[in-house]
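So the structure is just underneath, and the comments pick up after that.
There are 2 protein chains.
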Amino acid sequence: MSLPNTRTARLASWSSTLRYTDLPDAAVQRTKDLFLDWLGCTIAGRHHPAVRAIVNFAKTMGPTTGKSELVDGDLAPFSRTSPAFAALVNGAASHVVEQDDLHNRSITHPATVIFPAALAVAQDVGADGQEFITACVVGYEVGCRVGAYLGKSHYENFHSTATAGILGVAAAAAHLLKLDPAQTLSAIGTAGTQAAGLWQFLLDAAHSKQVHTGKACFDGIFAAYSARDGLLGTKDVIEGPRGMGNGLVPGKTMPEAIDADLGKDYEVLHSSFKWHASCRHTHPSVDALLALMSKKGVRFEDIDSILVPTYQAALNVLGMSGDCETVHQSKFSMGFVLAIAAKKGQAMITDFTEADLKDESIREFQRRVAMVFDREIDDAFPERWTGRVVVTTKDGREIEERTGFAKGDPEFTLTRAELETKARSLAKYGGITDGNKVEALIQRAWNLENETDLHGFVF
Amino acid sequence: MSLPNTRTARLASWSSTLRYTDLPDAAVQRTKDLFLDWLGCTIAGRHHPAVRAIVNFAKTMGPTTGKSELVDGDLAPFSRTSPAFAALVNGAASHVVEQDDLHNRSITHPATVIFPAALAVAQDVGADGQEFITACVVGYEVGCRVGAYLGKSHYENFHSTATAGILGVAAAAAHLLKLDPAQTLSAIGTAGTQAAGLWQFLLDAAHSKQVHTGKACFDGIFAAYSARDGLLGTKDVIEGPRGMGNGLVPGKTMPEAIDADLGKDYEVLHSSFKWHASCRHTHPSVDALLALMSKKGVRFEDIDSILVPTYQAALNVLGMSGDCETVHQSKFSMGFVLAIAAKKGQAMITDFTEADLKDESIREFQRRVAMVFDREIDDAFPERWTGRVVVTTKDGREIEERTGFAKGDPEFTLTRAELETKARSLAKYGGITDGNKVEALIQRAWNLENETDLHGFVF
């Protein structure tokens, strides 16, 4: 079957034919970094009630044997199932603790959908480490490019991690299933017509965030396996007149993002690691505030108020966190997060607790933080996530600080030592006490391209 | 937990508390009519390649034992599975042959999502006929009201049967699981944030139509079971500022449709049966043409050309059928469908064949049919599906005919004898040769409220 002359077909064709030997070493190494980071996030999020409910669904509706594994070893004897359900559970768990990676241009968290799906399918088909890495690179490429295409106006209503990510999942799974370009295009089409995930849940602290990522994995795997078995997906689901662009994007799309410079650059190299444990939209401001406090010797108790000029998407997402009744909501409040950072000198996963929600000094600080729209910062977003804070001290000084990128951004990525530290802390937060197990998994991640069997990434 | 004072919460509360004894007999009887009609559609669609691929997915990813049954008995030994997968397969199969019911105001086909999901869950929980009927009434009510809320502008891009239907599925499943109003609201929230299904597939005859209905079943069941197990759905997914209305509706919504007159009228009474086997948007015109030909003694070979003034949604959907390379596409071409009806005197399921695609007299007739936008008809749509044809005969006469509703509409519904005839023909089309089996299932459908076990609706 000949492919149509469209951007989406070119993307599908490239995805299908990419080989491990095509990849520059930097892309391989970064994929391993992202994989370890994802693994830590997955075990850290396993106890969330949404994950528990989804595990129950998987047990009730899916098979309780299979080739694909749940990262949470404590779920045994329910330790293996079919790839769709393993990815559903692992994908839900990895998007709980707000520590997963963030791809700036697409405003998506690719790891939380690409790795659970690719790992589950790789285990199902018996892929080796090199095939797995290649499929993950494909998944990142497709998901991030589609997210960039959908853009900022889409992100106002939709959780792009799911709506764009599902196409990345489909492409990664299709690659592992060795689908040809036409079948891969079908898989992408069937994925795109299932794209869903609204931000409404942020307004009442509902559990949809985990639903969105888990289901993007499940549904993208459905798209790929059914394409293998003859189900035809529509060929131009992204740009077609009744496709995603027309149906899901009220504003401007970025068509060239779909296929420009395929294979010349790699999206895995442009994803940022989270260092702070809060919503990524707070990170630039946290970095700016911590830099300011360090440079100028300003302490928590010296600060009277903070003005945070920022971009519209931050105002939209962070403006929905309400009164922060839960720890999860508190990570979406600019005021609360800056208060934690200012008081504790950091905002790591262990720094957000129930006790902090009741700490009046934090609550009072939170109320003295205001966000305001900044045209220049908004124009640069999402290519650039600028941080800017204007601090007024109790003794009447006004001090400003600005950061051009955040710790963990591609320009300032985490070192392997930092990634290991973060993985250990995530495992600890997830209740893993066997340090040897954690170290062994870290070493396997660094050796991923030489692994011949991808089973056993289980805590 | 107290419910918020919103339309969606009132709908959830009503759904949760409706009892069989609340139902007027007309609603019970019509639900049985709709159920039999759905059963026939399901067996008729079982051989479609999309259904085959979805059956493979269910076998690969789901359990091969369970309490819920596949309507297609030839799939044995894969005859039972979990409710999510049984509904996925049956939901896909029932939306193949373009013979399923159509609810005018919501522009949805409710049966193809509500019955497969409710039957699978009823079998899982051991519900009886009365509980099943009540849950189906709930499913229709929620799905159709949400579809009416989303309206015409949503329908331009989205397959509302899936995007609205998934909420109906969740409500029906929640009712069978005996969820309380707050849990039911959670189920509706989790359903709404998964709502998906784009029309793009119509442009290249892809298989997404079956994906949309099957997945609406699966995903709505996910929403209900996970709500039972503690997964919180967002409380205002329909009308909230980042909900369906804002994200999925470019034009006007109809908020009052969500909760006006709950329990005073029933949406099952407002769904239309399809008599012709083509896209429902062609039916009013087929009726008008057949009436004209009968009244005026006009024959196929007398007709020079036909002008069809119609509403915008018909122009949008039927305008995408292209050259009608497949039998399925041919049912979406106004010209082709009118040619079949004019030549054969009817447009039943056996009247659309591969041979007709190659019949030059039909193709030539098809090219002489033109649609044109009609303001008055469009204003009345979708409450009223008006048919109008202006026929120019070869001897130079111009004759016009107009119908106010189509055969099978609530105002002109099918008799039980007609429903039985249609079910028999659908079963025959699906390759069922055992007439006794068909008659037995017909009798069970008419006796549904007295059934104590809903297993065995298998051809």
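Protein chains in written order, with the working numbering: chain A, 112 to 570; chain B, 112 to 570. We put the CB at the ideal spot given by N, CA and C, even for glycine.
Assigned secondary structure, residue i (DSSP; H/G/I helix, E/B strand, else coil)
i	result
residue 458(A)	coil
residue 175(A)	coil
residue 180(B)	strand
residue 214(A)	strand
residue 272(B)	helix
residue 193(B)	coil
residue 373(B)	strand
residue 309(B)	strand
residue 324(A)	helix
residue 219(B)	strand
residue 242(A)	helix
residue 437(B)	coil
residue 170(A)	helix
residue 596(B)	As shown, chain B starts at 112 and ends at 570. That puts residue 596(B) outside it, with no answer to give.
residue 568(A)	coil
residue 544(B)	coil
residue 265(A)	helix
residue 252(A)	helix
Extent of the continuous alpha helix (DSSP H) run through residue i
i	result
residue 146(A)	136 to 155
residue 128(A)	118 to 128
residue 431(B)	Here residue 431(B) belongs to no alpha helix (DSSP H), and DSSP marks it neither H nor E.
residue 560(A)	Neither: residue 560(A) is in no alpha helix (DSSP H) and is coded neither H nor E.
residue 359(B)	355 to 359
residue 406(B)	394 to 407
residue 293(A)	292 to 303
residue 466(B)	465 to 468
Residue span of the beta strand (DSSP E) that contains residue i, given as start and end
i	result
residue 535(B)	Counting along the chain, residue 535(B) falls outside any beta strand (DSSP E), though it belongs to the alpha helix (DSSP H) covering 527 to 540.
residue 368(A)	No beta strand (DSSP E) contains residue 368(A), which DSSP labels as neither H nor E.
residue 418(A)	414 to 421
residue 481(A)	480 to 484
Buried versus exposed, by CB contacts within 10 Å (16 or more), residue i
i	result
residue 483(A)	exposed
residue 179(B)	buried
residue 440(B)	buried
residue 408(A)	exposed
residue 531(A)	buried
residue 375(B)	exposed
residue 330(B)	buried
residue 563(A)	exposed
residue 554(B)	exposed
residue 351(A)	buried
residue 141(B)	buried
residue 567(A)	exposed
residue 304(B)	buried
Supposed close pair residue i, residue j - CB separation, criterion 8 Å
i	j	result
residue 494(B)	residue 216(B)	6 Å
residue 383(A)	residue 221(A)	Going by Cβ atoms, the distance from residue 383(A) to residue 221(A) rounds to 11 Å, so no, they are not a contact pair.
residue 214(A)	residue 321(A)	Residue 214(A) to residue 321(A), Cβ: 19 Å. No contact.
residue 203(B)	residue 165(B)	5 Å
residue 277(A)	residue 327(A)	4 Å
residue 285(A)	residue 338(A)	7 Å
residue 288(B)	residue 335(B)	6 Å
residue 519(A)	residue 399(A)	Wrong, their Cβ atoms sit about 14 Å apart, outside the cutoff.
residue 248(A)	residue 134(A)	6 Å
residue 296(B)	residue 344(B)	7 Å
residue 559(B)	residue 152(B)	Actually they are not in contact, since the Cβ atoms of residue 559(B) and residue 152(B) sit about 17 Å apart, beyond 8 Å.
residue 394(A)	residue 429(A)	Not a contact, Cβ separation roughly 12 Å.
residue 235(A)	residue 127(A)	About 19 Å separates the two Cβ atoms, so there is no contact after all.
Which residues DSSP lists as bridging residue i, in chain order
i	result
residue 502(A)	417(A) and 510(A)
residue 382(B)	214(B)
Per-residue contacts from residue i into chain C (C-beta, under 8 Å)
i	result
residue 125(B)	The chain inventory of the structure shown lacks chain C, comprising the protein chains A and B.
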